[in-house]
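*Asks:*
Numbering (full-length UniProt numbering), first residue to last: 1 to 635.
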C-alpha cells in the first residue's frame, strides 16, 4: 500500500532535513551520470557547500539525448507559440537534438570551449532554447540577458561575465512595436571594457539588421558549415549558467548555478512540486531571461521529458484577454505557471472573464503562481475562471526552485489562500527576529534558510565569493538570508508578505505593506494595488496605497478610497494608520512583472528617483508623482 500524499511529503521533508545526503542521493538516481559522485554533500569548505563532488555529467545529454536514446524521439519537446508573428512551431526531441548538436558545433567552431562564457540576448524563440542547450552541450557557461535590455546594463554584464561570444537576434516583437536588438547590442559592446570578438545573429523577417564584417556571423550560415558536436563531460560542480539578479545596481550580482545539483533539483521539483510526468505539457509564461524561464521553460520540463510551451506574447493584447485560455486549449497544457501580475492584467481589462468563454481548458490540472505575493482575490478569480487548484509558491532567482509550495506531486496540504505553502524537502526555513532567534507562530520576522541550501540553489556569485557571503550569509550565522519578511501560522504554512524593505514602522508598530495591500486588492472595484511606506514626521512612516481600478469602473474615486480606508481599519485596526490612497492608471513594473515599490517610495518621499534598469515602461512615473502630490507626498 503506497503512503498517502501527506505522508509522502512528511517523509521526504524529514529525510531531507535529517539526512540530506541520503535524500539527495536517492533523487540523483533520476539523472544520467557519466561518472558517479564520490560524495553527495561536501561541507569541508562551508559555508561554500558542494553537491555530488567527483561526479561528471552533461546537462544537455540529460535534457535531450537520453530521451531520444530511450525511444522518445518522436515526442514533442518544444512548442513555440508566437501570436506576435502569427506562427506556431513544434520540435520533437529528435529535431531538437539535431538542431542543438549542430549549433553546438557552430559555436565550437568559433573557438568556444568548456568553461568559456557565452551571453545570449534573444527574444522568446526556439533558437534561444537551442543556444542555451548548445552551450551546456560543450560545457560553455551561458548567461541569458533579457532581450531588449538597455545597452549600458548589457555592457555591465559583458564586463562581469567576459564572454567569448554573444548570441542575439535582429529584433524582438511586442504588441504594436518592434524592438531593434542589434543597435542595443552594438552600443553595449562599444561601452564594455571587455571586447567581444564574435557575435552570432539570427535575422528575423520582421526586421533584419546589418552585420559587422569580421565580428558578426549569420546564425544560418554558422550552422550550415558546422559539424554536430557531442556532449562534453563536465564536473557536477562546474557552472552551468550565470544569471544576473533583476534588482542589481552598480556591479551586477551574477548568480552561479552548477550542473549536477541543478539537474537533480530540477528533475525533483518538476515531479514533486508541479506533479508532472513525461507525458505532460507544461507551460511557463515567462521569458528565458528570468530564472523562471531557465528553470521551467527549459531545464526542468526537458530533464523530465515533457513538452514545454515557449510563448512569445502577452497576457492581454495578443490579441485579447483570452490569450492564456487559447494557448491552454490549443496545446493541451496540463500545468500552467505564471506571475500573479499576469492575471491582474487580465482581470483589469476583463473582470467578468468573458474572453475565456468558449475555450475548453479541461486539460488543465493546476495553475502555479510566483514572482510576487499573490493576493487571495486574484487567486480566487483565476481559480473560478480556470476551474483548477491555484498554488501560490515562493522562490527566488538565487534558489532556482520553490522554497515553499503546496507540492501537488507528493501532497495536497490544503494550504490557505494567501499563504505560499510549506517548506519543500531540502529547505529548513526559519522566521527570525532581530536577535537571530526563531519568533513565535504568527509573528512577523526575517525569513532565513538554515545551511546547507539544497541542490540547485546558488553556489556563489560569479567571481565574487566575498559579496556572496556579505549579501546572503552574514546577517545570521549558519543561515541564508532571503531578504523577504513573513510569518509561519500555527499549521506551518509560510506567509511571505513583503521584502524586508517593505516592513514599515508606524509609530513603533512593525507592519507589512503586503498585508495592507491584500485587503486593498480585495475590493470589488480594484484590479491591483501597491502599498508603500512613506516618510512621516510624526509616526516615522505611513502606508500609502496606489490603486488601479477595473476596466469600466465609473464610481467616484473618493467613495472607493473611503471604502478602502474603512476596510483596512476593520481588518487591521487603527494601528495601521491607513488614511491615504490614490487612483492611478497603471503600476510601473519590471519586465518580470514585479511592481517597482522602491522607486514608488522614492517618489513619495521626495528623494532622488533611481529608475531600475529592468523597468518595463517608465512613462507612468510622472503621473504617479502628480497623483501622490495631490495627497501631500513627493513634490
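Just so you know, even glycine gets a beta-carbon here, dropped at the ideal spot from N, CA and C.
So, using beta-carbon positions, are residue 163 and residue 215 closer together than 7 Å?
*Replies:* In the chain shown, counting from the first residue as 1, residue 163 sits at position 163. In the chain shown, counting from the first residue as 1, residue 215 sits at position 215. Result no, Cβ atoms of residue 163 and residue 215 do not sit closer than 7 Å.
*Asks:* Give me the residue from 541, 577, 588 and 535 with the minimum Cα distance to residue 547.
*Replies:* Mapped onto the chain shown, residue 547 falls at position 547. Selected option, being the one with the closest Cα: 588.
*Asks:* Can you find the residues in the same chain that come closer than 6 Å, C-beta to C-beta, to residue 248, ignoring five residues on each side of it along the sequence?
*Replies:* Walking along the chain shown from the start, residue 248 turns up at place 248. Only weak support is given to the placement of residue 248: the predicted model assigns it a pLDDT of 45, under 50, and the question is left unresolved by the model.
*Asks:* Considering just the uninterrupted stretch of the beta strand (DSSP E) at residue 172, what are its terminal residues?
*Replies:* Along the chain shown, one-based indexing puts residue 172 at 172. Looking at the DSSP string, the run of the beta strand (DSSP E) that includes residue 172 is 171-174.
*Asks:* At what residues does the beta strand (DSSP E) containing residue 541 begin and finish?
*Replies:* Looking up residue 541 in the chain shown gives position 541. 540-549 is the extent of the beta strand (DSSP E) around residue 541.
*Asks:* Pick out whichever of 444, 123, 136 and 149 has its Cα sitting closest to the Cα of residue 203.
*Replies:* Within the chain shown, residue 203 is the residue found at index 203, counting from 1. The candidate whose alpha carbon is nearest that of residue 203 is 123.
*Asks:* Hey, quick one: how far does the beta strand (DSSP E) through residue 34 stretch, first residue to last?
*Replies:* One-based indexing of the chain shown puts residue 34 at position 34. Taken as a continuous stretch (DSSP letters only), residue 34 belongs to no beta strand (DSSP E), as it is neither H nor E.
*Asks:* Quick check on residue 206: buried or exposed, where buried means 16 or more other Cβ atoms within 10 Å of its Cβ?
*Replies:* Numbered from 1 along the chain shown, position 206 holds the residue referred to as residue 206. Per the 10 Å Cβ criterion, exposed.
*Asks:* Hey, how far is the Cα of residue 144 from the Cα of residue 289?
*Replies:* Here the question's residue 144 lines up with position 144 in the chain shown. Here the question's residue 289 lines up with position 289 in the chain shown. So the two alpha carbons sit approximately 5 Å from each other.
*Asks:* Among the candidates 391, 513 and 318, whose CA atom is the shortest distance from the CA of residue 175?
*Replies:* Here residue 175 corresponds to residue number 175 of the chain shown, with the count starting at 1. Nearest of 391, 513 and 318 to residue 175, Cα basis: 318.
*Asks:* Which word fits residue 67, buried or exposed, when buried means at least 16 other C-beta atoms lie within 10 angstroms of its C-beta?
*Replies:* Position 67 of the chain shown, counting from 1, holds the residue named residue 67. That one is buried.
*Asks:* Should residue 166 and residue 199 be called a contact, given that it needs their Cβ atoms to be closer than 7 Å?
*Replies:* Numbered from 1 along the chain shown, position 166 holds the residue referred to as residue 166. Numbered from 1 along the chain shown, position 199 holds the residue referred to as residue 199. In this structure, residue 199 lies closer than 7 Å to residue 166 by Cβ.
*Asks:* Helix, strand or coil for residue 464? Go by DSSP, reduced to three states.
*Replies:* Within the chain shown, residue 464 is the residue found at index 464, counting from 1. If DSSP states are grouped into helix, strand and coil, residue 464 belongs with coil.
*Asks:* Determine the closest residue to residue 7 out of 328, 409 and 569, with distance taken between C-alpha atoms.
*Replies:* Translated into positions along the chain shown, residue 7 becomes position 7. If we check each option's Cα against that of residue 7, 409 comes out closest.
*Asks:* Roughly how far, in whole angstroms, is the beta-carbon of residue 401 from the beta-carbon of residue 456, given that I think they are within contact range, below 8 Å?
*Replies:* In the chain shown, the residue the question calls residue 401 occupies position 401. In the chain shown, the residue the question calls residue 456 occupies position 456. Confirmed, Cβ separation roughly 5 Å.
*Asks:* For the beta strand (DSSP E) that residue 199 lies in, which residues bound it at each end?
*Replies:* Working through the chain shown from its first residue, we reach residue 199 at position 199. 198-202 is the span of the beta strand (DSSP E), which, as asked, contains residue 199.
*Asks:* What is the rounded straight-line gap between the Cα of residue 209 and the Cα of residue 251?
*Replies:* On the chain shown, position 209 is the one that residue 209 refers to. On the chain shown, position 251 is the one that residue 251 refers to. In a straight line, the C-alpha of residue 209 is about 30 Å away from that of residue 251.
*Asks:* Please classify residue 612 as buried or exposed, where buried requires at least 16 other C-beta atoms within 10 Å of its C-beta.
*Replies:* Along the chain shown, read from residue 1 onward, the residue named residue 612 stands at position 612. Buried, since its Cβ has 16 or more Cβ neighbours within 10 Å.
*Asks:* If you compare alpha carbons, which of 221, 513 and 341 is closest to residue 486?
*Replies:* Looking up residue 486 in the chain shown gives position 486. It is 513.
*Asks:* Look at the alpha carbon of residue 438 and the alpha carbon of residue 478, and state the distance between them as a whole number of angstroms.
*Replies:* Position 438 of the chain shown, counting from 1, holds the residue named residue 438. Position 478 of the chain shown, counting from 1, holds the residue named residue 478. If I take the Cα positions, the gap works out to 13 Å.
*Asks:* Taking only the alpha-carbon atoms, compute the straight-line gap between residue 463 and residue 254 and give it to the nearest angstrom.
*Replies:* As a working mapping, residue 463 is identified with position 463 in the chain shown. As a working mapping, residue 254 is identified with position 254 in the chain shown. Distance between the alpha carbons of residue 463 and residue 254 is about 8 Å.
*Asks:* Please say whether residue 245 and residue 282 have beta carbons closer to each other than 7 Å?
*Replies:* Looking up residue 282 in the chain shown gives position 282. Looking up residue 245 in the chain shown gives position 245. Cβ distance not < 7 Å, so residue 282 and residue 245 don't count as in contact.
*Asks:* Starting from the C-beta of residue 634, find all residues in its chain whose C-beta is less than 7 Å away, skip the five residues before and the five after it, and write them out in chain order.
*Replies:* Position 634 of the chain shown, counted from the start, is the residue given in the question as residue 634. For residue 634, where only same-chain residues beyond five positions count, the Cβ hits under 7 Å are 603, 604, 606, 625 and 628.
*Asks:* Give, in chain order, every unbroken run of the beta strand (DSSP E) that is at least 3 residues long and sits entirely within the UniProt domain "AMP-binding enzyme C-terminal" (516-594).
*Replies:* Listed in chain order, they are 526-536, 540-549 and 580-583.
*Asks:* Would you mind listing the alpha helix (DSSP H) stretches within the UniProt domain "Acetyl-coenzyme A synthetase N-terminal" (9-63) that are 4+ residues and don't spill past its ends, in chain order?
*Replies:* Within the UniProt domain "Acetyl-coenzyme A synthetase N-terminal" (9-63), the complete alpha helix (DSSP H) runs of at least 4 residues are 20-28.
*Asks:* Tell me where the alpha helix (DSSP H) around residue 301 begins and ends.
*Replies:* Position 301 of the chain shown, counting from 1, holds the residue named residue 301. First-last of the alpha helix (DSSP H) with residue 301: 300-304.
*Asks:* My assumption, with CB atoms under 8 Å, is that residue 131 sits in contact with residue 138. Please give the rounded CB distance.
*Replies:* Looking up residue 131 in the chain shown gives position 131. Looking up residue 138 in the chain shown gives position 138. No, residue 131 and residue 138 are not in contact; Cβ-Cβ is about 12 Å, not under 8 Å.
*Asks:* Tell me the DSSP secondary structure of residue 624 in three-state form.
*Replies:* In the chain shown, the residue the question calls residue 624 occupies position 624. Helix, per DSSP.
*Asks:* Just to confirm, are residue 236 and residue 260 a CB contact at a threshold of 7 Å?
*Replies:* Taking the chain shown and counting its residues from 1, the one referred to as residue 236 is at position 236. Taking the chain shown and counting its residues from 1, the one referred to as residue 260 is at position 260. Against a cut-off of 7 Å, the Cβ pair of residue 260 and residue 236 comes out as a contact.
*Asks:* Evaluate contact between the stretch 76-87 and the stretch 320-331, counting only Cβ atoms and requiring at least three cross-stretch pairs below 8 Å.
*Replies:* As far as the Cβ criterion goes, the stretch 76-87 touches the stretch 320-331, which means the pair count is three or higher.
*Asks:* Along the chain, where does the alpha helix (DSSP H) containing residue 158 start, and where does it finish?
*Replies:* Against the chain shown, residue 158 aligns to sequence position 158. Looking at the DSSP string, the run of the alpha helix (DSSP H) that includes residue 158 is 151-161.
*Asks:* Which residues bound the alpha helix (DSSP H) around residue 240?
*Replies:* Against the chain shown, residue 240 aligns to sequence position 240. Note, residue 240: premise wrong, no alpha helix (DSSP H); beta strand (DSSP E) at 239-244.
*Asks:* In the DSSP assignment, the beta strand (DSSP E) including residue 87 goes from what residue to what residue?
*Replies:* Taking the chain shown and counting its residues from 1, one reaches residue 87 at position 87. Run containing residue 87: 87-92, per the beta strand (DSSP E) assignment.
*Asks:* What's the gap between the Cα of residue 561 and the Cα of residue 522?
*Replies:* In the chain shown, the residue the question calls residue 561 occupies position 561. In the chain shown, the residue the question calls residue 522 occupies position 522. Using only the alpha carbons, I get a separation of about 13 Å.
*Asks:* Ends of the alpha helix (DSSP H) at residue 267?
*Replies:* The residue given as residue 267 occupies position 267 in the chain shown. Here the alpha helix (DSSP H) through residue 267 covers 260-272.
*Asks:* Mapping DSSP to helix, strand and coil, what is residue 330?
*Replies:* Mapped onto the chain shown, residue 330 falls at position 330. Note: residue 330 maps to helix in three-state DSSP.
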